[in-house]
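Notes follow the structure.
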Amino acid sequence: MDRPVRRLTASRFRTPYAPALALALVAGGLAAWAGQDWYGAAHDDRAAYAVQRDEALAAGEQAVQNLNTLDHRDLDQGLDLWEASTTGELHEQLGSGRADFAERVREAKTVSTARVLSGAVTELDDRAGRARVLVALRVTVRASDGTRTDKDSRMLGELTRTDGRWKLSALGQAPVGGAPAG
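Numbering of the sequence shown is given in this note's numbering, commencing with residue 759 and proceeding in unit increments.
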């Protein structure tokens, strides 16, 4: 007895669920890829290092600006801000010379304001909690007679992380042009 041969046709494998299954597989693959990429970025040491660099730069710029801004009419608040922005030997120097300096500023009746023009982190040792910054700023000094003087300068600052915050531990003028740093 001969049996009729059944042909397998493509229509037999077509179901209404095939496009949905294909779409689900593609979506699952994309989700796995995105998840792996997100996990890698979240656990990348470079991202944490970049955050510390940005925090050090912001703190350094603010501290340098603070130490170049002072108003004789609100001297105590300005000098308190200086001390709050510093640590270590610089902090001790500011504290020990505070009374003499305050008297000179009161006599001169000057108001100095600083504006950061740009800044950069030149060194960062995140593990040791130390950083160095270069900050360009414009300092405007107004004398009691109303005269105004603008001066652009570049400052080199050293920062130390204290209690989770970056504070200025040293500050000095950056060499200009071809002048030696030493």
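Ideal Cβ positions, reconstructed from N, Cα and C, are used throughout, including at glycine. Please read these numbers as outputs of a predicted model, since none were measured by experiment.
The beta carbons of LEU895 and GLN823 sit about 7 Å from each other, so the pair counts as a contact at 8 Å. The continuous beta strand (DSSP E) containing GLY877 extends over residues 869-883. Between the alpha carbons of LEU788 and ALA805 lies a gap of roughly 24 Å. Per the DSSP secondary-structure output, ASP910 pairs in a beta bridge with ARG896. Straight through space, the alpha carbons of SER927 and THR844 are spaced by roughly 6 Å.
Under the DSSP assignment, ALA928 falls outside any alpha helix (DSSP H), being part of the beta strand (DSSP E) whose first and last residues are 923-931. Straight across, the Cα-Cα distance linking VAL809 with TYR775 is about 48 Å.
Contact between LEU917 and ALA889 holds, with the beta-carbon distance rounding to 4 Å and staying under 8 Å. Going by DSSP, HIS849 is part of the alpha helix (DSSP H) stretching over 846-854. ARG864 sits close to LEU833, with the two beta carbons spaced by under 8 Å. DSSP places ASP812 in the uninterrupted alpha helix (DSSP H) bounded by 803-825. Per the coordinates, the alpha-carbon of LEU929 lies some 55 Å from the alpha-carbon of ALA785. The residue among ALA800, ARG831, LEU839 with its C-alpha nearest the C-alpha of ALA817 is LEU839. Boundaries of the alpha helix (DSSP H) around ALA778: 776-800.
The Cβ-Cβ distance between THR827 and ALA872 falls below 8 Å.
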